[in-house]
Amino acid sequence: MTTPDTFVVSIFYPPRVKGQTTPVEGAHIGVPLNAYDLVSDGKGAEVKVDPPLSGTLKSGDVMTLWLQGQAALLSAQAVEDPDACIFLRIPTGRLQPDRINELYYTVERKRQHIGTSEPALRVLYNAIRPGLKHQTRYPGGHSELALVLPDAIKNGVGADFVSAQLRVSYPYCRAYDRISLKCNDEHLNVSVSKDEAPQPPNPGSAAPTSILLTVDRAFLDKARRVDRKLSFSFTVTDQLGNGPDPDTPWSSVQTVDENLGGH
8 MTTPDTFVVS IFYPPRVKGQ TTPVEGAHIG VPLNAYDLVS DGKGAEVKVD PPLSGTLKSG
68 DVMTLWLQGQ AALLSAQAVE DPDACIFLRI PTGRLQPDRI NELYYTVERK RQHIGTSEPA
128 LRVLYNAIRP GLKHQTRYPG GHSELALVLP DAIKNGVGAD FVSAQLRVSY PYCRAYDRIS
188 LKCNDEHLNV SVSKDEAPQP PNPGSAAPTS ILLTVDRAFL DKARRVDRKL SFSFTVTDQL
248 GNGPDPDTPW SSVQTVDENL GGH
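Numbering (my numbering), first residue to last: 8 to 270.
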């Protein structure tokens, strides 16, 4: 038999982060910049905890949000309605980009611990966008996104074209980035492999990393236009959903002649 002062260990499920991305390699979720550093009130990511089974919480219980390995709490909230969701915050500057962040909460009643959320939520966070910011004041494409066309494309694409490799490079390239190459209105989407760039939680490097993309005849055939021009550019998004500088997300456009029909 239990009494109102009996403390029973209960099951508390992991929290959820508003704007979280899933799936991500190496963690349970990702927290993109627009859900953390760039929220409108400047107070960091919003965290939602769904109520556990009815009767588990009581009014006056205190829920506290923590990061594994950090002594200071993130935020705390007293329970008013035991059957309602609890909202907490991850203040800016607390998530670390060079490790997997383990997020959990504890519940206390009358200063006595009654439970901890399990398992800890493994969170990946990238503080720096892939490609960094556009570094010049001039228009014409992102200054740090470099696209190098091979001679088989740069010198004009003829009827004998089969395939060729082009090179893209940018700083803070990471495994599982998604590169989108655009040729006119066609898109070729490629994921960066774990053998081509650092894996999470490695935050990447300011030194540009080069990735080779294969362009085949079928792709260019679909991109053909009546003016016989092929215009190439690319952008990149990390696996959390962060892109390059939002004001200049694409590389400079490079346009070549096309005569795939052999006319």
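Beta carbons are placed, not taken as given, at the ideal position from N, Cα and C, and that holds for glycine. Everything numeric in this text was worked out from a predicted model, so none of it was measured.
With fewer than 16 other CB atoms across the displayed protein chains lying within 10 angstroms of its CB, T221 is exposed. The count of Cβ pairs closer than 8 Å, one atom from the stretch 45-65 and one from the stretch 137-155, stays below three, leaving the stretches out of contact. For D228, the enclosing alpha helix (DSSP H) begins and ends at R224 to A230.
A52 is classed as buried because its beta carbon has at least 16 other beta carbons within 10 Å across all chains shown.
Distance check between I160 and each of L237, P178 and T143 places L237 closest, using alpha-carbon atoms only. In this structure, the beta-carbon distance from P207 to E32 falls below 8 Å. In the DSSP annotation of this structure, the continuous segment of the alpha helix (DSSP H) that includes A159 starts and ends at D158 to K161. Under a 10 Å Cβ-count criterion, D223 is classified as exposed, with fewer than 16 other Cβ atoms of the shown protein chains found around its own Cβ.
In the structure shown, the three-state DSSP call for N266 is coil. The three-state secondary structure of N196, taken from DSSP, is strand. Selection P253, C190 and P256 evaluated against T262 yields C190 as nearest (Cα-Cα).
Non-local C-beta neighbours of R23 in its own chain, meaning closer than 6 Å and more than five positions away in sequence, comprise K55, ordered along the chain.
Excluding sequence positions up to five before and after A91, its CB lies within less than 8 Å of the CB of P58, all in the same chain and listed in chain order. Across the structure, G163 and E265 are spaced so that their CA atoms are roughly 6 Å apart. Nearest Cα to D68 within the set L102, S258 and T113: T113.
P253 places its beta carbon 8 Å or farther from that of A213.
DSSP places R96 in the uninterrupted beta strand (DSSP E) bounded by I93 to I97.
The three-state reading of DSSP puts N41 in helix, counting H, G and I together.
Look at the beta carbons and you see the stretch 139-151 not touching the stretch 106-124: under three pairs across the two are nearer than 8 Å. Residues A34, H35, I107 and E109 of the same chain have their beta carbon placed closer than 7 Å to that of R129, with the five preceding and five following residues left out of the count.
Here V199 is near R181, since their CB atoms are less than 8 Å apart.
Straight-line measurement puts the Cα of D48 at about 35 Å from the Cα of S176. Non-local C-beta neighbours of A166 in its own chain, meaning closer than 8 Å and more than five positions away in sequence, comprise N266, L267, G268 and G269, ordered along the chain.
The beta carbon of E193 lies closer than 7 Å to those of F226, K229 and A230 in the same chain, with the five residues before and after it left out. Residue state for E115 is assigned as strand, using DSSP reduced to three classes.
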